[in-house]
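Student:
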Amino acid sequence: MINVGIIGGSGYTAGELIRILMYHPKVNIDFVYSTTNAGKPLSVAHHDLMGDIEMNFTDEINPNVNVVFLCLGHGKSISFLKENQFASHTKIIDLGNDFRLNKDAHFEGKDFVYGLPEINKAEIKKANYIANPGCFATAIQLALLPLAKHNLLNNDVHINATTGSTGAGVSLSETSHFSWRNNNMSHYKAFEHQHLGEIGESLVQLQDDFYSELLFIPNRGDFPRGIFATLYTLCDDSLEQLVAKYEEFYKNEPFVTVTTTNINMKQVVQTNKCIISLLKKGNRVLITSIIDNLTKGASGQAIQNMNLMFGLEETTGLHLKPSGF
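Numbering (the working numbering), first residue to last: -9 to 315.
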């Protein structure tokens, strides 16, 4: 069994990790660390776990676990690792943004691999340290990678993507209160979202002359979880040619499905799936990409990475069914 520790156990991504890992056939949850809830049952913060798991939060770590998931706020993983030492055999999967960019991937002798399995699977299998991708970044990269693979990203890409309220984290803010978010919509960080850096690095990895702009408008939705992203750019390939290239690129990727039908977010919520829909109008290609921001966009992908790191089938524990209604 893989002994697992979770740091920052009170947040949404930690709750999603616990929900999936407690039924993972190869995992034992050793501890869930939270200084604010130490000694209290997990269900105090994660109400859906009531009656399912008898375990309390702790403010002590076991430094000898096989793998630790860092579910801390952005920028806090570095300070935690400086203050807390783990055994040399302990693998680390960071769900924050501290190590995602190439310039930040090397930390105190640890080399973090960018954990997008669809392009870095071989490296992930050999890695001890993983920088888990951002949620918007996951949806957008999966939409564009096949185009980059065939050097078809030669024009600006227009991106409009809407995420659920859980993407803002568990701490309340002015724009996460129910009375503000409900029956409301807004955009934020237009053209300068922090995920653009990691998206750009992955695209250059496949198309080294990529220089076009990613014109990204992120939106806040009035639903709790999921990402619905639409992207369009110029492309001379026919729809049939594009579908063939996307299907070839993802033929060995169990969580990515390609279609030409209209898709909706409920098809992926509470799963580790990404569904990509392609539409061609004249010389423009429209790509729709849908994921669950907490699962494929965070905790599910982190478990997918863990499976690869420990030599398991990457779908282990991740056969999750969406709720269609």
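For glycine and all other residues, C-beta sits at the position ideal for the given N, C-alpha and C.
Within the chosen definition, does the region 104 to 123 reach the region 168 to 179 through at least 3 CB pairs nearer than 8 Å?
Tutor: Short answer: they don't touch.
Student: Enumerate in chain order the residues of its own chain whose CB-to-CB distance from Tyr13 is below 7 Å, with the five nearest sequence positions on each side excluded.
Tutor: Counting only Cβ-Cβ distances below 7 Å, and skipping sequence neighbours, we find Gly307.
Student: Out of Leu11, Thr25 and Val17, state which residue places its alpha-carbon closest to the alpha-carbon of Ile(-3).
Tutor: Looking at the Cα atoms, Thr25 is the closest of the given residues.
Student: Note down, in chain order, each residue of its chain lying with its Cβ closer than 7 Å to the Cβ of Asn283, except the 5 sequence neighbours on either side.
Tutor: Cys125, Thr153, Gly154, Thr156, Gly157, Arg215, Gly216 and Ile217.
Student: My assumption, with CB atoms under 8 Å, is that Ala28 sits in contact with Phe59. Please give the rounded CB distance.
Tutor: That belief does not hold up - the Cβ atoms of Ala28 and Phe59 are roughly 18 Å apart, past 8 Å.
Student: So, are the CB atoms of Leu204 and Ile149 less than 9 Å apart?
Tutor: Contact: yes.
Student: Any idea if Asp146 is buried or exposed, counting beta-carbon neighbours within 10 angstroms, 16 or more meaning buried?
Tutor: By the neighbour-count rule (16 or more Cβ atoms within 10 Å), Asp146 is not buried but exposed.
Student: Closest by CA to Asp88, which one among Leu298, Glu238, Ala151 and Leu71?
Tutor: Nearest of Leu298, Glu238, Ala151 and Leu71 to Asp88, Cα basis: Leu71.
Student: Considering Cα atoms alone, identify which of Glu237, Phe206 and Lys286 is closest to Tyr222.
Tutor: Nearest C-alpha to Tyr222: Phe206.
Student: Kindly give me the distance between the Cβ atoms of Ile120 and Phe102, rounded to whole angstroms, as I take these residues to be in contact under 8 Å.
Tutor: Indeed they touch by this definition, with Cβ atoms about 7 Å apart.
Student: To the nearest angstrom, report how far apart Phe200 and Met299 are at their CA atoms.
Tutor: Taking the straight line joining both Cα atoms gives about 30 Å.
Student: Quick check on this structure: which residue in Gln291, Met40 and Lys30 has the alpha carbon closest to the alpha carbon of Phe245?
Tutor: With distances taken between Cα atoms, Phe245 lies closest to Gln291.
Student: Among Asp226, Pro107, Asn209 and Ile83, which residue has its Cα nearest to the Cα of His140?
Tutor: Measuring from the Cα of His140, the nearest candidate turns out to be Asp226.
Student: Can you find the residues in the same chain that come closer than 7 Å, C-beta to C-beta, to Gln184, ignoring five residues on each side of it along the sequence?
Tutor: Around Gln184: Asn87.
Student: If you reduce the DSSP assignment to three classes, tell me which class Gly65 lands in.
Tutor: Coil.
Student: What's the call for Arg9, buried or exposed, on a 16-neighbour Cβ count within 10 Å?
Tutor: By the 10 Å Cβ count, Arg9 comes out buried.
Student: Distance check for Val258 and Phe76, CA to CA, integer angstroms please.
Tutor: Rounded to whole angstroms, Phe76 to Val258 spans 35 Å at the Cα level.
Student: Closer than 6 Å by C-beta to Thr3: which residues in its own chain qualify, once you throw out the five before and the five after it? Chain order, please.
Tutor: Answer for Thr3: Cys61, Leu85, Ala288 and Ser289, listed in chain order.
Student: Just to confirm the assignment, what range does the alpha helix (DSSP H) spanning Val194 have?
Tutor: Its alpha helix (DSSP H) spans residues Leu186 to Leu196.
Student: Among Val57, Asp198 and Asp94, which has the Cα closest to the Cα of His79?
Tutor: Comparing Cα-Cα distances from His79 to each of Val57, Asp198 and Asp94, the minimum goes to Val57.
Student: Report buried or exposed for Glu73, applying the criterion of at least 16 other Cβ atoms within 10 angstroms of its Cβ.
Tutor: Exposed, because fewer than 16 other Cβ atoms sit within 10 Å of the Cβ of Glu73.
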